[in-house]
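For reference, the structure discussed in these notes is given below.
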Amino acid sequence: MSSKPTPTPIPINAFALTQQTHLQIEHQTEIASSHLTNTTTASPHTRRTLQATGHALTGIILVQSRTGLGGRTVGEFGVDPATNTGSSSGKDAGGNGGGDDKVRLGAHGIKLANDVTYRRMNQTMEKMLKMPETDHSQFMRVAFGHTSPLQPDYESTGPVEFIDPTLNDSQQEAIRFALASQDIALIHGPPGTGKTHTLIELIVQMVQRKQRVLVCGPSNISVDNIVERLAPTKVPVVRIGHPARLLPSVLDHSLEVLTHTSEAAAIVRDVRKEIDQKQASIRKTRSARERRAIYDDLRELRREFRERESKCVDNLVRESSVVLATLHGAGGHQLKNQKFDVVIIDEASQALEAQCWIPLLSASKVVLAGDHLQLPPTVKSTNEKADKKAIQKEKEKAAEKAKEMGVELLENVSLETTLFDRLLSMHGPGIKRMLTTQYRMHESIMRFPSDELYDSKLMAGEAVKARLLKDLPYEVEETDDTKEPVVFWDTQGGDFPEKTEDAEVGKKALGESKSNEMEALVAGRHVDALVAAGVQAEDIAVITPYNGQLAVLSQMLREKYPTIELGSVDGFQGREKEAVVVSLVRSNSEHEVGFLGEKRRLNVAMTRPKRHLCICGDSETISKGSGFLKRWMGFLEEHADLRYPDAGELL
């Protein structure tokens, strides 16, 4: 497929053991960091900061509980009216008819490490570690460099008649290539190039060819997005996943709802009804003997319920052409003995490799879609603040295990390298097709990332290349801001210094996060000017790489513009807005740029807007950070509408 020679093979069992070690260290680091965000003893300011940065929910209560899939109890939470000052989006009035039914919790929810995901990744690596060579699939041998990818078989695919007439040439080529590939295909989708759009057509084409497809993504939203877009094609789909985590619009395709609405569901429903009646009768029974008898009946009913439901689930999944789940959801019992012709992973460059292997251990053909030039998954254990002693201890334990098994731990394997990255560097660009027309950004917004990161291959679609804020489909005044696609507020000169967050905000919760109040004022003024010109607040996002700055911006703008979107750059990956204001924060005499030095983070920041990008930052500090940053600052000075804020006017 590629002229690249077969690479040096990676020993599969050594890879699995090394990944297991890194995962264990990562999990310990995550547990340690989540213990630090105790909102119950925190000051109101700290709570607001933790909430703004996604570390905590405050003011929540249990609204109701019911019997769910598998006989599990499903709890529904809502906003506590006693603590809710704004408008509530949750079910805060007691979904089952009044305040007395609500169970009041501690009114705070703290984000903890997710055990299930780690357990599944660990089990998968354990299976890989113990797997005999005879069980390795062609794909697995390709993935570890034991063989080269097979040539695409265009002949047996036959001519492709595209259902969607709007697909461009690069999208059509990616689909042909993915259909013809026999073991691996990478679809590289830079920002706004219609990656999901392309995957929908690919899935439909595969189903037409009688192929059974498993579609996965690292997050619920990435999977739901595909379900929403697939639904109108009338392809039979089943979405596996906890209903509470799914978008309302995809619930009709979820296993939970389908087990209630399919033909086999009627019997299951009767048993569930009987369980609920028995549970209600326990409360009315005073006699201990009668209660015991009811409990015995309940146990028997639950067993029957699980058996019938599992048969119903099994049939639903088996009869579906396309099954969708998160990567770790693919390790659930519902897919245990299911066979698929193709596994597609969307957003593959945002997933840990071990997570990808959950659905891939038995896969024969794999399509990975993503953009390795945007942010990879977050890995906390590589942070310089991670507990070095604990990490060393885990490494020693792993070395002991490796010695016992006669396996060597690999030096060059890390959690930060994704499967997408690794396959690309191992087999070269022959296994990849790139989408080249983007339908999001004004040409001027697209230019720098295209030249710098995408070999100048990106083209702006006709409909987007010249659109500005003044052309929005509602009335917007033509001003210096609304007619400019790129604005750069250069804060050089030392009047806009950064500061490290103080202990009150909780260094341990946010790390030593940076903020820059003067620069936040510049960003806030720019938002004011856009709104004054008629741009609606919901069409504007303000993003920053630093959680400390996000807290400052939230306090400054949240009440004034309730519908504006405020977020971290990392959290805004995959999103878009008409106008995006980016606060870069760093401004110091040492010219330290911290993790602004990660060009993939800046690539995310600069590719979110459709019509207007405003950068606020100190070119003097930032241009010293790296060659990439120097070229970016040079580009902005030459091509953006360059402005210098006056610190005196802001105070």
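Using UniProt numbering, read the sequence shown as starting at 1 and increasing by one per residue. Glycine included, every Cβ here is placed at the ideal spot set by N, Cα and C. Because the structure is a prediction, the values reported are computed rather than measured.
Determine whether the beta carbon atoms of residue i and residue j lie at a separation below 8 Å.
i: R600; j: G594; result: no
i: D371; j: H188; result: yes
i: Q171; j: P152; result: no
i: I431; j: P149; result: yes
i: I282; j: L327; result: no
i: V213; j: D341; result: yes
i: V366; j: V343; result: yes
i: residue 667; j: A533; result: Any property of residue 667 remains undetermined from this structure, which presents the chain solely from 1 to 651.
i: V223; j: T259; result: no
i: V486; j: A640; result: yes
i: M441; j: G192; result: yes
i: A537; j: F572; result: no
i: C616; j: A466; result: no
i: I12; j: F144; result: yes
i: F496; j: D421; result: no
i: E133; j: K380; result: no
i: Q208; j: M125; result: no
i: A390; j: Q24; result: no
i: L230; j: I203; result: yes
i: S349; j: P236; result: no
i: A579; j: L469; result: yes
i: R631; j: E443; result: no
So the beta strand (DSSP E) residue i belongs to, where does it begin and stop?
i: E565; result: E565 to S568
i: D641; result: D641 to R643
i: G217; result: V213 to G217
i: L186; result: I184 to H188
i: K210; result: K210 -> no beta strand (DSSP E), and no H or E assigned at all.
Around the Cβ of residue i, are there at least 16 other Cβ atoms within 10 angstroms (buried) or fewer (exposed)?
i: S450; result: buried
i: N96; result: Its pLDDT being 32, under 50, N96 is placed unreliably by the model, and nothing is read from it.
i: A16; result: buried
i: A293; result: exposed
i: N547; result: buried
i: S425; result: exposed
i: K397; result: exposed
i: T8; result: exposed
i: D646; result: exposed
i: S513; result: buried
i: P562; result: exposed
i: S589; result: exposed
i: D252; result: exposed
i: H333; result: exposed
i: P609; result: buried
Shortest alpha-carbon distance to residue i belongs to which of the options?
i: E307; options: R269, E133, H427 and S287; result: R269
i: A463; options: A523, H242, Y439 and D490; result: Y439
i: A369; options: V227, R433 and R318; result: R433
i: G217; options: L199, A551 and Q205; result: L199
i: L246; options: V227, A348, T418 and M206; result: V227
i: D296; options: Q279, R286 and K284; result: Q279
i: K457; options: A466, R447 and K465; result: R447
i: V569; options: T607, R558 and L179; result: T607
i: T500; options: K380, N516, A351 and L472; result: N516
i: N603; options: S33, I31, P376 and V116; result: P376
i: R302; options: R286, E443 and I275; result: I275
i: E498; options: D481, E484, Q24 and A520; result: A520
i: L419; options: Q28, Q492, V142 and K403; result: V142
i: L596; options: L629, E565, E576 and P609; result: L629
i: K195; options: L435, K395 and I622; result: L435
i: T117; options: A351, I543 and L453; result: A351
i: S623; options: C614, H612, F635 and L613; result: F635
i: A582; options: L472, H591 and G567; result: Note that residue 582 corresponds to Val in the displayed sequence, not to Ala. The shortest C-alpha separation from V582 is found at G567.
i: Q549; options: M518, T491 and S310; result: M518
i: P429; options: E649, I267, L186 and V407; result: L186
i: Q392; options: I543, I10 and E26; result: E26
Looking at the unbroken alpha helix (DSSP H) that takes in residue i, where does it start and where does it end?
i: F420; result: L419 to H427
i: V552; result: N547 to L557
i: M140; result: Q138 to A143
i: H526; result: E517 to A532
i: M405; result: K388 to M405
i: L298; result: A288 to R318
i: L453; result: E443 to L453
i: V464; result: First-last for V464: undefined, no H or E at that position.
When you compare the CB of residue i with every CB in chain D, is at least one pair closer than 8 Å?
i: G406; result: The question asks about chain D, but that chain is absent: this structure has only one protein chain.
Please look up how many angstroms separate the CB atoms of residue i and residue j, rounded, as I've assumed it's under 8 Å.
i: A354; j: M121; result: 4 Å
i: I175; j: Q205; result: 6 Å
i: L415; j: H22; result: 5 Å
i: L423; j: I184; result: 6 Å
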